[in-house]
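Sequence order for the protein chains is A and B.
Under the numbering used here, residues 21 to 351 are what the first sequence spells out, in order.
Under the numbering used here, residues 29 to 359 are what the second sequence spells out, in order.
Beta carbons are placed, not taken as given, at the ideal position from N, Cα and C, and that holds for glycine.
Below you'll find the structure, written out as structure tokens, and then a few comments.
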Amino acid sequence: MSALSRVGPDLVPAARRVLLKRGPLLLFGALLLYLSVASSAFLSTANLLSSLTQAAPIAIVAFGLAVVVRGGGDDVVAGGIDLSIPASAALATAVISDQLANQGAGVLRALILATAAAVLVGAINVLLVTVIGLTSILSTLAMYATVVGVVRVYTANRRITVDDPTMLFVRDARPLGIPMPVWVMFAAAVAFWLLLHRSAFGMRLQAVGGNQEAAATSGIRPRPYIAASFLIAGVAAATAAVVLVARGSGSSPGIDERLLVDMVLATFVGSAFSRRNVVTVPGVMLGAILVALMSNGLILIRVDNSWIDGFKGVLILIVVAAAALQNRRRA
Amino acid sequence: MSATDRADGVKPGAWVAKYAFVAAFAGLFAFFALRTTTFLSASNLMNVLEGSMILLFVALAMTLVVSSGGIDLSVGIALDFGAWFVLIAMLEYDLAWPLAVIAGLLGGAVVGGLNAFLIVGLGVTPFLATLGTFFIGRSAQQIGTGGGGNVSFRGAPEGFQSLAGGAALGIPHELIIGAVVLAAFYVVLQRSTHGTRIHAMGLQDPAARVAGLRTRRYRTLVYVLSGATAAIGGILLSSSLRLYTPQAGFAYLLDAIAAVFIGASMHPRSRPNVLGTLVGVLFLGVVGNGLDLLGLDFNLKAALRGGILVVALALAFLVSRRGSAASASGD
Numbered sequence: 021m022s023a024l025s026r027v028g029p030d031l032v033p034a035a036r037r038v039l040l041k042r043g044p045l046l047l048f049g050a051l052l053l054y055l056s057v058a059s060s061a062f063l064s065t066a067n068l069l070s071s072l073t074q075a076a077p078i079a080i081v082a083f084g085l086a087v088v089v090r091g092g093g094d095d096v097v098a099g100g101i102d103l104s105i106p107a108s109a110a111l112a113t114a115v116i117s118d119q120l121a122n123q124g125a126g127v128l129r130a131l132i133l134a135t136a137a138a139v140l141v142g143a144i145n146v147l148l149v150t151v152i153g154l155t156s157i158l159s160t161l162a163m164y165a166t167v168v169g170v171v172r173v174y175t176a177n178r179r180i181t182v183d184d185p186t187m188l189f190v191r192d193a194r195p196l197g198i199p200m201p202v203w204v205m206f207a208a209a210v211a212f213w214l215l216l217h218r219s220a221f222g223m224r225l226q227a228v229g230g231n232q233e234a235a236a237t238s239g240i241r242p243r244p245y246i247a248a249s250f251l252i253a254g255v256a257a258a259t260a261a262v263v264l265v266a267r268g269s270g271s272s273p274g275i276d277e278r279l280l281v282d283m284v285l286a287t288f289v290g291s292a293f294s295r296r297n298v299v300t301v302p303g304v305m306l307g308a309i310l311v312a313l314m315s316n317g318l319i320l321i322r323v324d325n326s327w328i329d330g331f332k333g334v335l336i337l338i339v340v341a342a343a344a345l346q347n348r349r350r351a
Numbered sequence: 029m030s031a032t033d034r035a036d037g038v039k040p041g042a043w044v045a046k047y048a049f050v051a052a053f054a055g056l057f058a059f060f061a062l063r064t065t066t067f068l069s070a071s072n073l074m075n076v077l078e079g080s081m082i083l084l085f086v087a088l089a090m091t092l093v094v095s096s097g098g099i100d101l102s103v104g105i106a107l108d109f110g111a112w113f114v115l116i117a118m119l120e121y122d123l124a125w126p127l128a129v130i131a132g133l134l135g136g137a138v139v140g141g142l143n144a145f146l147i148v149g150l151g152v153t154p155f156l157a158t159l160g161t162f163f164i165g166r167s168a169q170q171i172g173t174g175g176g177g178n179v180s181f182r183g184a185p186e187g188f189q190s191l192a193g194g195a196a197l198g199i200p201h202e203l204i205i206g207a208v209v210l211a212a213f214y215v216v217l218q219r220s221t222h223g224t225r226i227h228a229m230g231l232q233d234p235a236a237r238v239a240g241l242r243t244r245r246y247r248t249l250v251y252v253l254s255g256a257t258a259a260i261g262g263i264l265l266s267s268s269l270r271l272y273t274p275q276a277g278f279a280y281l282l283d284a285i286a287a288v289f290i291g292a293s294m295h296p297r298s299r300p301n302v303l304g305t306l307v308g309v310l311f312l313g314v315v316g317n318g319l320d321l322l323g324l325d326f327n328l329k330a331a332l333r334g335g336i337l338v339v340a341l342a343l344a345f346l347v348s349r350r351g352s353a354a355s356a357s358g359d
């Protein structure tokens, strides 16, 4: 490093800093540029809107994850994380579909039951994390496995098709030319942004996540905040389920796994876009949109399915490595 | 291994919590013994032991990494690479089987090496680094097998097949290998200076560094060894099935993490430890075997297994809840 800075006193370190700081963004920019050159369909309105529609459930579950990460601190192993959100979303999707298709329930009842189911999963997480004292990665991973199993028993691992008019409306309606799921994503983004970044609750939650003892000393009891974060994550899962049911016209087995991958990817890629490398609502939404655009683009240019996971892995690593190197520099 | 070795930890009813997990283990054991005629037979108990061996290697790898303060989400990939490389080395490079076994171990070590590069070299957090490795490894297997086909080697050499299938003095080779590796891990991690240093690194990395520990070197070794250890499991899997199935290792990830933390909960200071991990592995082995014998529906089994895991973790952690919850994750 010192050898480098001798060569170009200011220019080289400055260039390095910019490259590291903006590296993830530049990389995504370059990839998107390449995709738009390689496939003429990539920049078409239809493809952009369909990418946004795909991003919607990813973004909404990732908002839920953002709340938990804020409250638990962003050390993934010791801090806050909720890997059970995608399983809760799958559960809520199954409940909505089953209620509408098989039980003859109205939309309101289906939504209430689905939200109750997802929040119940959150409540069990609360019990495991705040009362019993399991680390959140461990309890939510075990809950993920359990809930996925429960969904499989509940649906007999079969598809449930829904033709409820409200759900079809969410699927097909396009107010101002923008699909309804995208509106749901925007609405959720605004709600979560207000909650996390503009409310007293959000500030206290962040204080708890930053340093539990300091927060406790200044009169904030950490436990209720951590508990609330897991319950809110359940609500996010249920919201995502509405979009999932509408988009897929029902529930299909195995939606949880892809959602888990994309949620984690969107959240941590998203945090690399914030100034201090923390999880923020706008960052998470940007992350989800980029993940969806990339998946779509890679399919458009006919990249073999086998390579797509690898692309995502390399991308995760470049983004988080850039962020890590930047942090190290600052330290 | 007393959970209440400190005077301030003893509280009324603490002993109930202390033995809650042991009681649950015993209760489950008794339940399976009463409900099925075959569970208690010598040959079935042998099945449980043998069936636990692959998880044992993966869980030992995880114990090592968690002791050092990290986590390894790519242990399943290391297992896969071990299983894959050992067969390819014999099938396509005509190596003698002992050399092929070394190739398999190297396959796992390469996975660990990539993790070490990302974590030690670039400063990426273990969760995200090993998650990235997980995606890349998954993709690599898809690409390498032309979209996820099996690699079968029915005519594998006798010597190789006997690694998992053979026996010496009536004791299956698999158990002997397991016992040797277990003993080696116990000695290194619990009874040697190296182990103390790895635990020190896991508890207080900055302090360990200030005290002159070469944490970079140790951490690199930890991840490489973790990959190689998980690969032993893969090699045995290939030996017994004479078949490599891409991504078979993923199934062991959650169980390995659970076994390590069940084990950690039995330690006076909630640290991951080799013998505790063994108890966790045997517990999961008993649950899996018992549920199989009950002849339940596949989906129901998945749900029950998850539920039992959640309850077991909860019971196990009731023990360490008071007094030492802060050090549970080794942060």
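Worksheet item: Just reading off the alpha helix (DSSP H) that tyrosine 164 of chain A is part of, what are its end residues?
Response: In the first sequence, the residue the question calls residue 164 of chain A occupies position 144. If you look at tyrosine 164 of chain A, you'll find it in the alpha helix (DSSP H) that goes 156-175.
Item to complete: Take alanine 312 of chain A and list the residues in its own chain whose beta-carbon comes closer than 6 Å to its own, dropping the five residues that flank it on each side.
Response: Along the first sequence, one-based indexing puts residue 312 of chain A at 292. Once the five neighbours on either side are set aside, the close Cβ partners of alanine 312 of chain A are Ser71, Gln74, Ala75.
Practice prompt. Label isoleucine 82 of chain B either buried or exposed according to how many other C-beta atoms from any shown protein chain fall within 10 Å of its C-beta, with 16 as the threshold for buried.
Written response: For this step, residue 82 of chain B is matched to residue 54 along the second sequence. Per the 10 Å Cβ criterion, buried.
Item to complete: Determine which residues share a DSSP beta bridge with isoleucine 199 of chain B and list them.
Response: On the second sequence, residue 199 of chain B is found 171 positions in, with the first residue counted as 1. Residue pairing from DSSP places isoleucine 199 of chain B in a beta bridge opposite B:Ala196.
Fill in: Pair within 7 Å by beta-carbon distance, valine 173 of chain A and serine 117 of chain A
The residue you call residue 173 of chain A lines up with position 153 of the first sequence. The residue you call residue 117 of chain A lines up with position 97 of the first sequence. Going by C-beta atoms, valine 173 of chain A is not nearer than 7 Å to serine 117 of chain A.
Practice prompt. Would you list the residues sitting across from serine 180 of chain B in a DSSP beta bridge?
Written response: For the purposes of this step, residue 180 of chain B is identified with residue 152 of the second sequence, where counting begins at 1. Looking at the DSSP assignment, serine 180 of chain B forms a beta bridge with B:Leu271.
Fill in: Distance between glutamine 232 of chain B and serine 220 of chain B (C-alpha atoms, nearest Å)
If you number the second sequence from 1, residue 220 of chain B lands on position 192. If you number the second sequence from 1, residue 232 of chain B lands on position 204. If I take the Cα positions, the gap works out to 18 Å.
Worksheet item: Can the beta-carbon of alanine 253 of chain A be found closer than 7 Å to that of glycine 84 of chain A?
Response: By 1-based counting over the first sequence, the position of residue 253 of chain A is 233. By 1-based counting over the first sequence, the position of residue 84 of chain A is 64. Cβ distance < 7 Å, so alanine 253 of chain A and glycine 84 of chain A count as in contact.
Discussion item. So for alanine 356 of chain B, helix, strand or coil by DSSP?
Written reply: Numbered from its first residue, the second sequence carries residue 356 of chain B at position 328. Confidence in alanine 356 of chain B is poor, its pLDDT being 39 and thus under 50, which makes the residue's placement unreliable; the coordinate value appears in the next sentence. Note: alanine 356 of chain B maps to coil in three-state DSSP.
Worksheet item: If you measure from the beta carbon of arginine 179 of chain A to each beta carbon in chain B, is any gap under 7 Å?
Response: Taking the first residue of the first sequence as 1, we reach residue 179 of chain A at position 159. Arginine 179 of chain A does not count as touching chain B.
Item to complete: Note down, in chain order, every chain A residue with its Cβ under 8 Å from the Cβ of valine 338 of chain B.
Response: Locating residue 338 of chain B in the second sequence gives position 310, counting from the first residue. Within 8 Å Cβ-Cβ: Ile144, Leu148, Ser159, Ala162, Met163, Thr166.
Worksheet entry | contact_flag[the region 228-244 of chain B, the region 119-129 of chain B] where n(CB pairs < 8 Å) is 3 or more | The answer is no - the region 119-129 of chain B does not touch the region 228-244 of chain B, with fewer than three Cβ pairs under 8 Å.
Worksheet item: Can you list, in chain order, the residues of its chain whose CB lies under 7 Å from that of valine 265 of chain A, leaving out five sequence neighbours each side?
Response: On the first sequence, residue 265 of chain A is found 245 positions in, with the first residue counted as 1. Thr113, Ile116, Ser117, Val182, Met187, Ser271, listed in sequence order.
Worksheet entry | Contact residues within the region 288-315 of chain A, judged by C-beta distance below 9 Å to chain B | So the list reads Phe288, given in the order they occur along the chain.
Worksheet item: Nearest to alanine 207 of chain B by alpha carbon, out of B:Ser190, B:Phe155, B:Val302?
Response: Indexing the second sequence from 1 puts residue 207 of chain B at position 179. Of the candidates B:Ser190, B:Phe155, B:Val302, the one whose C-alpha sits nearest the C-alpha of alanine 207 of chain B is B:Val302.
Fill in: C-beta atoms of threonine 158 of chain B and aspartate 108 of chain B nearer than 7 Å
In the second sequence, counting from the first residue as 1, residue 158 of chain B sits at position 130. In the second sequence, counting from the first residue as 1, residue 108 of chain B sits at position 80. The Cβ atoms of threonine 158 of chain B and aspartate 108 of chain B do not sit closer than 7 Å to each other.
Fill in: Nearest candidate by alpha-carbon position, reference glycine 304 of chain B, set B:Gly194, B:Tyr214, B:Thr161
Indexing the second sequence from 1 puts residue 304 of chain B at position 276. Comparing Cα-Cα distances from glycine 304 of chain B to each of B:Gly194, B:Tyr214, B:Thr161, the minimum goes to B:Tyr214.
Fill in: Sequence-distant residues of its chain with Cβ nearer than 7 Å to serine 56 of chain A (five each side left out)
As a position in the first sequence, residue 56 of chain A is number 36, starting the count at 1. Correct list, in chain order: Phe62, Leu63.
Worksheet item: Closer than 7 Å, CB to CB, is asparagine 178 of chain B near chain A or not?
Response: Residue 178 of chain B sits at position 150 when you count from the first residue of the second sequence. Judged by the 7 Å Cβ criterion, asparagine 178 of chain B is not in contact with chain A.
Item to complete: Kindly indicate if chain A contains any beta-carbon less than 7 Å away from that of valine 216 of chain B.
Response: For this step, residue 216 of chain B is matched to residue 188 along the second sequence. Chain A, which has no Cβ nearer than 7 Å to the Cβ of valine 216 of chain B, makes this no.
Worksheet entry | Any non-hydrogen atom of the ligand ADP within 6 Å of threonine 161 of chain B CB | In terms of ligand content, the structure shown is empty, and the ligand ADP therefore cannot be addressed.
Item to complete: Taking 7 Å as the cut-off, decide whether the C-beta atoms of glycine 104 of chain B and leucine 281 of chain B are in contact.
Response: The count along the second sequence starts at 1 and reaches residue 104 of chain B at position 76. The count along the second sequence starts at 1 and reaches residue 281 of chain B at position 253. A Cβ-Cβ contact shorter than 7 Å links glycine 104 of chain B with leucine 281 of chain B.
Practice prompt. Quick one: list the residues of chain A neighbouring isoleucine 285 of chain B, beta-carbon separation under 9 Å, in chain order.
Written response: Stepping through the second sequence from its first residue, residue 285 of chain B is reached at position 257. Residues of chain A with a Cβ closer than 9 Å to the Cβ of isoleucine 285 of chain B are, in chain order, Ile157, Leu158, Leu161, Ala162.
Fill in: For serine 271 of chain A: DSSP bridge partner residues
Here residue 271 of chain A refers to the residue found at position 251 when the first sequence is read from its first residue. Under DSSP, serine 271 of chain A forms a beta bridge with A:Ile180.
Worksheet item: Just to confirm, are alanine 286 of chain A and glycine 307 of chain A a CB contact at a threshold of 7 Å?
Response: By one-based count along the first sequence, residue 286 of chain A stands at place 266. By one-based count along the first sequence, residue 307 of chain A stands at place 287. For alanine 286 of chain A and glycine 307 of chain A, yes; Cβs fall inside 7 Å.
Discussion item. Quick check on the DSSP output: what are the complete alpha helix (DSSP H) runs of length 4 or more inside the region 234-315 of chain B, in order along the chain?
Written reply: If we require 4 residues or more, the alpha helix (DSSP H) runs fully inside the region 234-315 of chain B come out as 243-269, 281-293.
Item to complete: Give me the Cα-Cα distance between threonine 237 of chain A and arginine 63 of chain B, rounded to the nearest whole angstrom.
Response: Locating residue 237 of chain A in the first sequence gives position 217, where the first residue counts as 1. Locating residue 63 of chain B in the second sequence gives position 35, where the first residue counts as 1. So the two alpha carbons sit approximately 53 Å from each other.
Worksheet item: Is it true that the CB of alanine 86 of chain A sits closer than 7 Å to the CB of valine 262 of chain A?
Response: On the first sequence, position 242 is the one that residue 262 of chain A refers to. On the first sequence, position 66 is the one that residue 86 of chain A refers to. It is not a contact, given that the beta carbons lie outside the stated cut-off.
Worksheet item: Closer than 7 Å, CB to CB, is arginine 172 of chain A near chain B or not?
Response: In the first sequence, counting from the first residue as 1, residue 172 of chain A sits at position 152. Output row for arginine 172 of chain A: interface = yes.
Worksheet entry | Listed by chain order, chain A residues near phenylalanine 289 of chain B by CB distance under 9 Å | For the purposes of this step, residue 289 of chain B is taken as the residue at position 261 of the second sequence. Chain-ordered, the chain A residues with CB closer than 9 Å to the CB of phenylalanine 289 of chain B read Leu154, Thr155, Leu158.
Worksheet item: How about alanine 248 of chain A and alanine 109 of chain A: do their beta carbons lie closer than 7 Å?
Response: As a first step, residue 248 of chain A is located in the first sequence; it is residue number 228 there, counting from the start. As a first step, residue 109 of chain A is located in the first sequence; it is residue number 89 there, counting from the start. Going by C-beta atoms, alanine 248 of chain A is not nearer than 7 Å to alanine 109 of chain A.
Worksheet item: At a cut of 8 Å, does the region 283-302 of chain B reach the region 179-196 of chain B through at least three beta carbon pairs?
Response: The region 283-302 of chain B, when compared against the region 179-196 of chain B, does not touch it at the 8 Å Cβ threshold.
Fill in: Against chain A: residues of the region 303-323 of chain B by CB proximity under 8 Å
Contact residues of the region 303-323 of chain B toward chain A are absent (C-beta to C-beta distance below 8 Å).
Worksheet item: Can you name the residues of chain B whose CB is closer than 7 Å to the CB of serine 326 of chain A?
Response: Residue 326 of chain A sits at position 306 when you count from the first residue of the first sequence. Going along chain B in sequence order, the residues near serine 326 of chain A (Cβ under 7 Å) are Ser167, Gln170, Ile171, Gly175.
Worksheet entry | Within 7 Å, strictly: CB atoms of alanine 131 of chain B and phenylalanine 113 of chain B | As a first step, residue 131 of chain B is located in the second sequence; it is residue number 103 there, counting from the start. As a first step, residue 113 of chain B is located in the second sequence; it is residue number 85 there, counting from the start. A contact, by the Cβ cut-off of 7 Å.
Discussion item. If I measure Cβ to Cβ from leucine 123 of chain B and keep anything under 8 Å in the same chain, skipping five residues before and after, which residues do I get?
Written reply: If you number the second sequence from 1, residue 123 of chain B lands on position 95. Close CB contacts of leucine 123 of chain B within its chain, under the 8 Å cut and outside five residues either way in sequence, are with Ala117, Ala131 (chain order).
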